[in-house]
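What follows is a short report on a single structure.
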Amino acid sequence: MLYRTMPRTGDRVSILGFGCMRLPLNAEGGIDGPRATALIRSAIDRGVNYVDTAWGYHDGESEPAVGRALEDGYRERVLLATKLPSWLVEKPSDMDRFLDEQLKRLRTDHIDYYLIHSLNRDRWENVRRNGYGEFLDRALADGRIRRTGFSFHDALPLFREIVDDRDWDFCQVQYNYLDTEYQAGTEGVRYASGRGLGVIVMEPLRGGNLARGVPEAIMRIWGESPSGLSPAAWALRWVWDHPEVGVVLSGMTTESDLEENLATAELGTSNSLTGAERDMVRRVAEEYRDRMRVGCTGCRYCLPCPAGVNIPECFNRYNMAFMFDDLEKARSTYPVFLKPEARASACVKCGACEEKCPQNLPIREHLESVADLLER
0 MLYRTMPRTG
10 DRVSILGFGC
20 MRLPLNAEGG
30 IDGPRATALI
40 RSAIDRGVNY
50 VDTAWGYHDG
60 ESEPAVGRAL
70 EDGYRERVLL
80 ATKLPSWLVE
90 KPSDMDRFLD
100 EQLKRLRTDH
110 IDYYLIHSLN
120 RDRWENVRRN
130 GYGEFLDRAL
140 ADGRIRRTGF
150 SFHDALPLFR
160 EIVDDRDWDF
170 CQVQYNYLDT
180 EYQAGTEGVR
190 YASGRGLGVI
200 VMEPLRGGNL
210 ARGVPEAIMR
220 IWGESPSGLS
230 PAAWALRWVW
240 DHPEVGVVLS
250 GMTTESDLEE
260 NLATAELGTS
270 NSLTGAERDM
280 VRRVAEEYRD
290 RMRVGCTGCR
300 YCLPCPAGVN
310 IPECFNRYNM
320 AFMFDDLEKA
330 RSTYPVFLKP
340 EARASACVKC
350 GACEEKCPQN
360 LPIREHLESV
370 ADLLER
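Pasting the structure below:
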């Protein structure tokens with residue numbers, strides 16, 4: 000495993016971090032505890048030392064699962080990250096309440112890397128109004144947290160504003176070869192790094208879309224390299240190529256996910272891509288941008304939908320039709336993966352999802368398009 004040093008804290012972090020938003024599931028749809036524990040521990044045994052979870056992941060079950068996985072001496076071997084649910088804060092005392100409950104869930108007395116989760120303009124104003132800075136200073140002073148940061152889903156000007164608001168230790172941003180000018184983007188990554196913040200990257204595979212069902216035209220571009228690397232490996236290498244990046248999070252579900260990521264991480268030195276390789280990735284990005292219709296990453300922040308629509312899966316099936324050149328498959332799998340009440344046509348246009356979407360997508364409009372293409 001390769002490691003990098005976080006600039007402000009001096010912490011030595013593995014370049015591959017274990018994201019706990021996509022843990023293995025059991026037949027009932029809940030977290031498969033034994034498999035999740037085995038997977039997380041296997042990653043740690045192989046050198047991963049950054050484990051990332053959050054209050055709401057897996058409908059609140061991720062933190063307890065991580066807490067169990069880090070028993071038997073594993074907690075002491077990692078930097079543990081979790082996040083304050085910024086959208087649930089209604090009064091200053093809520094922040095202490097959430098943190099104290101998270102410590103219980105995670106079976107620990109401190110959080111190494113504590114983030115204000117998923118900041119956009121409204122959530123930023125909310126936590127400022129409720130004294131987020133005083134809360135973080137208090138939690139640092141009493142030892143409940145050790146490093147402070149934030150995760151971000153909005154436009155670059157707000158990102159700069161948040162970076163400059165306090166002496167953060169780190170930030171977490173969505174970054175991949177499709178999102179160089181989206182949200183914080185490349186400019187934001189450089190801005191934060193230039194001010195001494197460590198940079199944690201989420202969504203390096205854009206919710207898995209850069210790794211699965213790759214169209215033939217894109218595979219031809221990847222095939223220009225004699226390396227034989229997979230599309231997922233190229234996506235990870237592209238992020239690691241940036242010296243500003245400390246940790247790249249990957250939401251691993253299977254042992255094969257872990258094995259491939261560990262192998263790719265051995266190639267994850269910064270400034271290691273050749274000019275020809277960077278050009279190849281750029282052309283792949285252009286091809287994908289020409290194909291995608293909805294920029295959904297599958298984060299599931301839009302759920303639960305009051306009407307029961309499974310918004311991420313609707314968009315997943317819709318994008319598959321265009322990104323992967325397979326409308327027939329998208330139409331045939333749509334009713335398999337989506338019960339009638341979960342389909343796009345069940346949308347009542349209440350707009351609750353759009354208030355929560357970190358990508359600021361016009362979800363209602365897109366759902367109409369999904370229904371027109373896949374249900375008519």
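Residue 53 in numbering that gives the first Met the number 0 is what sits at position 54 of the sequence shown, and the numbering runs on without skipping anything.
The beta-carbon is built from N, C-alpha and C at its ideal position, and this holds for glycine as well.
Taking every protein chain shown into account, the CB of Ala140 has fewer than 16 other CB atoms within 10 angstroms, so this residue is exposed. Fully contained in the segment 97-140 are the following alpha helix (DSSP H) runs of length 4 or more, in chain order: 120-128, 131-140.
Under the three-state reduction of DSSP, Ser92 is assigned to helix. According to the DSSP assignment, Leu248 belongs to the beta strand (DSSP E) that extends over 244-249. Taking 8 angstroms as the cut-off, the Cβ atoms of Leu177 and Arg205 count as close. Apart from the 5 residues on each side of it in sequence, Arg45 sits with its Cβ closer than 8 angstroms to the Cβ of Met0, Leu257, Leu261 in its chain, given in chain order. Contact between Met94 and Leu102 is absent: CB atoms are separated by about 13 angstroms, not below the 8 angstroms threshold. Counting only unbroken stretches of 4 or more residues, no alpha helix (DSSP H) element lies wholly within the segment 281-310. Tyr56 is a Cβ neighbour of Met20, given a cutoff of 8 angstroms. When secondary structure is reduced to three states using DSSP, Met5 falls in the coil class, being assigned neither helix nor strand. Distances from the alpha-carbon of Ile115 to those of Thr268, Arg104, Arg316, Arg127 put Arg127 closest.
Between Gly294 and Leu360, the gap from beta carbon to beta carbon is short of 8 angstroms. Taking 8 angstroms as the upper bound for CB-CB distance, Trp167 and Gly187 are not in contact here, some 13 angstroms apart. DSSP, read as helix, strand or coil, puts Leu372 in helix. Here DSSP, grouped into helix, strand and coil, assigns Lys82 to strand. In terms of CA proximity to Trp86, Asn119 leads the group Asn119, Arg143, Arg219.
Contact check for Gly18 against Leu248 passes: the beta carbons are separated by less than 8 angstroms. Fully enclosed beta strand (DSSP E) runs of no fewer than 3 residues occupy 197-201 of the segment 195-236, in order along the chain.
Cα atoms of Phe314 and Arg330: separation of roughly 12 angstroms, rounded to the nearest angstrom.
Collapsing the DSSP output to three states places Ser269 in coil. Secondary structure in the segment 26-51: the beta strand (DSSP E) runs of 3 residues or longer, each lying completely within the stretch, are 49-51 in chain order.
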